[in-house]
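**Student:**
Number of protein chains: 2
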Amino acid sequence: MAKRIITISREFGSGGRFIGEEVAKKLGIAYYDKNIIGQIAEKSGLSPEYIQENAELSPKKGLFAYAFSGRDITGKSVEDMVYEAQRNIILELAEKEPCVIIGRNADYILKDRDDVLNVFIHGDMPEKIKRITGLYNVKEKEAVKMMADTDKRRRTNYNFYTDQNWGKASNYTLCLNSSQLGYDRCEMIIMECVK
Amino acid sequence: MAKRIITISREFGSGGRFIGEEVAKKLGIAYYDKNIIGQIAEKSGLSPEYIQENAELSPKKGLFAYAFSGRDITGKSVEDMVYEAQRNIILELAEKEPCVIIGRNADYILKDRDDVLNVFIHGDMPEKIKRITGLYNVKEKEAVKMMADTDKRRRTNYNFYTDQNWGKASNYTLCLNSSQLGYDRCEMIIMECVK
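So the sequences go chain by chain: A and B. Sequential numbering from 135 applies to the first sequence in our numbering. Sequential numbering from 135 applies to the second sequence in our numbering.
1) Mind reading off the beta-carbon distance from A:Thr296 to A:Ile235? Whole number of angstroms is fine, and I expect it under 8 Å.
2) Between B:Glu155 and the rest of its own chain, which residues show a CB-CB distance below 6 Å, the 5 nearest in sequence each way excluded?
3) Going along chain B in order, which residues have a C-beta closer than 8 Å to the C-beta of A:Ala303?
4) Mind checking whether B:Lys137 and B:Cys327 have CB atoms under 8 Å apart?
5) Does A:Thr141 come out as helix, strand or coil in the three-state DSSP assignment?
6) What did DSSP end up calling A:Ile224 once you bin it into helix, strand or coil?
7) Taking 8 Å as the CB-CB cut-off, is B:Leu161 touching chain A?
8) Does B:Cys233 have its Cβ less than 8 Å from a Cβ in chain A?
9) My output table needs one value for A:Tyr184: the three-state DSSP class, helix, strand or coil.
10) Give a yes or no on whether the C-beta atoms belonging to B:Cys233 and B:Ile171 are separated by under 8 Å.
11) Quick check on DSSP: helix, strand or coil for B:Asn291?
12) According to DSSP, simplified to helix, strand and coil, what is A:Phe254?
13) Straight-line CA distance for B:Ser304 to A:Lys273?
14) Please tell me whether A:Glu326 has its Cβ less than 8 Å away from any Cβ of chain B.
15) Name the two residues that bound the continuous beta strand (DSSP E) containing A:Val234.
16) Hey, B:Ala241 and B:Tyr306 are a contact pair by Cβ (cut 8 Å); roughly how many whole angstroms apart?
17) For B:Gly147, which residues from the same chain have a beta carbon less than 6 Å from its beta carbon, with the 5 sequence-adjacent residues on both sides left out?
18) Run through DSSP, which three-state label would B:Lys286 get?
19) Alpha carbon to alpha carbon, what distance is there between A:Asn299 and A:Asn311?
20) Let me make sure I understand the geometry here. Which of B:Ile224, B:Glu231, B:Asp214 and B:Pro260 has the alpha-carbon closest to that of B:Lys245?
21) Under the DSSP definition of a beta bridge, which residues are partnered with B:Leu310?
22) Flag this pair as yes or no: are the beta carbons of B:Gly237 and B:Ser313 separated by less than 8 Å?
23) Classify B:Tyr217: buried if its beta carbon has 16 or more other beta carbons within 10 angstroms, exposed otherwise.
24) Quick check on the DSSP output: the alpha helix (DSSP H) that includes A:Arg175 runs from which residue to which?
25) Quick one: what does DSSP say A:Lys168 is sitting in, helix, strand or coil?
26) To the nearest angstrom, how far is it from the Cα of A:Gly179 to the Cα of A:Arg288?
27) For B:Lys273, which three-state DSSP category applies?
28) State yes or no: is the beta carbon of B:Leu315 nearer than 8 Å to at least one beta carbon in chain A?
29) Within 8 Å of any Cβ in chain B, is that where the Cβ of A:Ile323 sits?
30) Compute the distance between the beta-carbons of B:Lys177 and B:Ala219, then report whether it is under 8 Å.
31) Hey, how far is the Cα of B:His256 from the Cα of A:Glu213?
32) Going by alpha carbons, who is nearest to B:Met322 out of B:Val253, B:Tyr184, B:Asn239 and B:Ile174?
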């Protein structure tokens, strides 16, 4: 079946978000990333700042925070409520229109649809460091720490909510090393796959 | 740097070998698969039949067979000697000419070269079963067992000799789901990446 939704999972610093945004522009379809935070906030009743910090990443406290965090009377933690709101919005967006969705376990959330192209973008350390030091104006040591922390929180969130392993090839239709292939070629390959 | 060597790792039944062979034909470059068994046999002094059964797969006994198998006076097991012979041949082939190499941990063995495109091909269960039942003239149940056994032995061999995880996206330049993308498109994408 032809693919009309593109999900992009990505390592921090791999340029995956940039590639996804370019693909959406070139295909003339919607692009969903931080711009859905407002909707998640509205749906969950929590603040956009809280969502920004927690909706895609595991708590800084780590995995145990999920397993043992405070539950309400229904057995749901605040994290679960955010996740549920985010999940519903992603399901609605996919139903509504062709789009690119960045992160947020969208590959797993949309697993029952067969019109979804799931992409994972990763890269080599030197290129990722170069990108992060440039984008965030930090030194190499800080860039390495940001990368390790962010990817660890993404992985923890993904593995907890999906029971799959983040970055395992078989979860995705297409995995690309953006350092070796270049951003332009990554975009071209993704577009080739939704033809 | 331009890629002149293509390594193809693949799930059993994903058509990875077929895709690799087609790419080699279309690019007019050498194709190495079972046809290097004779060379490995010569180099290691073991029989081609033994190599066929053991050079890419872990022993049927599983991982412990590696760790605790009999060692000669240098501390090497027979499996290690086969692996060493295979490794040297792959290094020589990559040095000699542009080529496609199927399996045999070639991605890891060639990791110090920057002219290698490492590809992992995987697929969805129904399509893999269909391919195996057709190719090997077996029933579905037998196909599922062949798949589980072969992939387990490939994974065990890979993880043991590379200290990496077989099928983890970041080991490869490109990972493709052949069931969703189709064999033709997989071939086209691979060729696009060595341009």
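Using N, Cα and C, we set each Cβ at its ideal position, and we do this for glycine too.
**Tutor:** Taking the coordinates as given:
1) As a position in the first sequence, residue 296 of chain A is number 162, starting the count at 1. As a position in the first sequence, residue 235 of chain A is number 101, starting the count at 1. Wrong, their Cβ atoms sit about 15 Å apart, outside the cutoff.
2) Position 21 of the second sequence holds residue 155 of chain B. If we look at B:Glu155 and ignore the five residues flanking it on each side, its Cβ neighbours are Tyr165.
3) Your numbering for residue 303 of chain A matches position 169 in the first sequence. Chain B residues near A:Ala303: Phe254, His256, Gly301, Lys302, Ala303, Tyr306 and Cys309.
4) Counting from one through the second sequence, the residue named residue 137 of chain B turns up at place 3. Counting from one through the second sequence, the residue named residue 327 of chain B turns up at place 193. Contact: yes.
5) Position 7 of the first sequence, counted from the start, is the residue given in the question as residue 141 of chain A. The answer is strand: DSSP assigns A:Thr141 an E or B state.
6) For the purposes of this step, residue 224 of chain A is identified with residue 90 of the first sequence, where counting begins at 1. Note: A:Ile224 maps to helix in three-state DSSP.
7) As a first step, residue 161 of chain B must be located in the second sequence, where it is residue number 27. False, the Cβ-Cβ gap to chain A never drops below 8 Å.
8) The count along the second sequence starts at 1 and reaches residue 233 of chain B at position 99. Not one chain A Cβ lies under 8 Å of B:Cys233.
9) Residue mapping note: residue 184 of chain A aligns to position 50 of the first sequence, counting from 1. Here A:Tyr184 sits in helix by DSSP.
10) By 1-based counting over the second sequence, the position of residue 233 of chain B is 99. By 1-based counting over the second sequence, the position of residue 171 of chain B is 37. No, they are not a contact pair.
11) For the purposes of this step, residue 291 of chain B is taken as residue 157 along the second sequence, with counting starting at 1. Three-state DSSP puts B:Asn291 in a helix.
12) Walking along the first sequence from the start, residue 254 of chain A turns up at place 120. Three-state result, A:Phe254: strand.
13) Walking along the second sequence from the start, residue 304 of chain B turns up at place 170. Walking along the first sequence from the start, residue 273 of chain A turns up at place 139. Cα-Cα distance, rounded: 24 Å.
14) Translated into positions along the first sequence, residue 326 of chain A becomes position 192. Closer than 8 Å to some Cβ of chain B, the Cβ of A:Glu326 qualifies, so yes.
15) Reading the first sequence from its first residue, position 100 is the one you call residue 234 of chain A. Segment Cys233 to Ile236, the beta strand (DSSP E) holding A:Val234.
16) Stepping through the second sequence from its first residue, residue 241 of chain B is reached at position 107. Stepping through the second sequence from its first residue, residue 306 of chain B is reached at position 172. The sequence given here places Asp at residue 241 of chain B; Ala does not occur at that position. Their Cβ separation, rounded to whole angstroms, is 6 Å, which keeps B:Asp241 and B:Tyr306 in contact under 8 Å.
17) As a position in the second sequence, residue 147 of chain B is number 13, starting the count at 1. So the qualifying residues of the chain are Lys262, Arg265, Ile266 and Met281.
18) Against the second sequence, residue 286 of chain B aligns to sequence position 152. Correct three-state label for B:Lys286: helix.
19) Along the first sequence, one-based indexing puts residue 311 of chain A at 177. Along the first sequence, one-based indexing puts residue 299 of chain A at 165. Rounded to whole angstroms, A:Asn311 to A:Asn299 spans 18 Å at the Cα level.
20) Taking the second sequence and counting its residues from 1, the one referred to as residue 245 of chain B is at position 111. When only C-alpha atoms are compared, the closest one is B:Ile224.
21) Here the question's residue 310 of chain B lines up with position 176 in the second sequence. Paired residues: A:Leu308 and B:Ile255.
22) Sequence index remark: in the second sequence, residue 237 of chain B carries index 103 (1-based). Sequence index remark: in the second sequence, residue 313 of chain B carries index 179 (1-based). Cβ atoms of B:Gly237 and B:Ser313: not closer than 8 Å.
23) The residue you call residue 217 of chain B lines up with position 83 of the second sequence. The residue is buried, with at least 16 neighbouring Cβ atoms inside 10 Å.
24) Counted from its first residue, the first sequence places residue 175 of chain A at position 41. Note on identity: in this sequence residue 175 of chain A is Ala, with Arg being the wrong assignment. It spans Ile171 to Ser178 - the alpha helix (DSSP H) in which A:Ala175 sits, taken as one unbroken run.
25) Start at 1 with the first residue of the first sequence, and residue 168 of chain A comes out as number 34. If DSSP states are grouped into helix, strand and coil, A:Lys168 belongs with the helices.
26) If you number the first sequence from 1, residue 179 of chain A lands on position 45. If you number the first sequence from 1, residue 288 of chain A lands on position 154. The alpha-carbon atoms of A:Gly179 and A:Arg288 are separated by roughly 23 Å.
27) Numbered from its first residue, the second sequence carries residue 273 of chain B at position 139. Here B:Lys273 sits in coil by DSSP.
28) In the second sequence, counting from the first residue as 1, residue 315 of chain B sits at position 181. Yes, its Cβ sits closer than 8 Å to a Cβ of chain A.
29) As a position in the first sequence, residue 323 of chain A is number 189, starting the count at 1. Answer yes: the Cβ-Cβ gap between A:Ile323 and chain B drops below 8 Å somewhere.
30) For the purposes of this step, residue 177 of chain B is taken as the residue at position 43 of the second sequence. For the purposes of this step, residue 219 of chain B is taken as the residue at position 85 of the second sequence. Yes, these two residues count as a Cβ contact at 8 Å.
31) Within the second sequence, the letter at position 122 stands for residue 256 of chain B. Within the first sequence, the letter at position 79 stands for residue 213 of chain A. B:His256 and A:Glu213: Cα-Cα distance of roughly 33 Å.
32) Taking the second sequence and counting its residues from 1, one reaches residue 322 of chain B at position 188. Nearest option by C-alpha distance: B:Val253.
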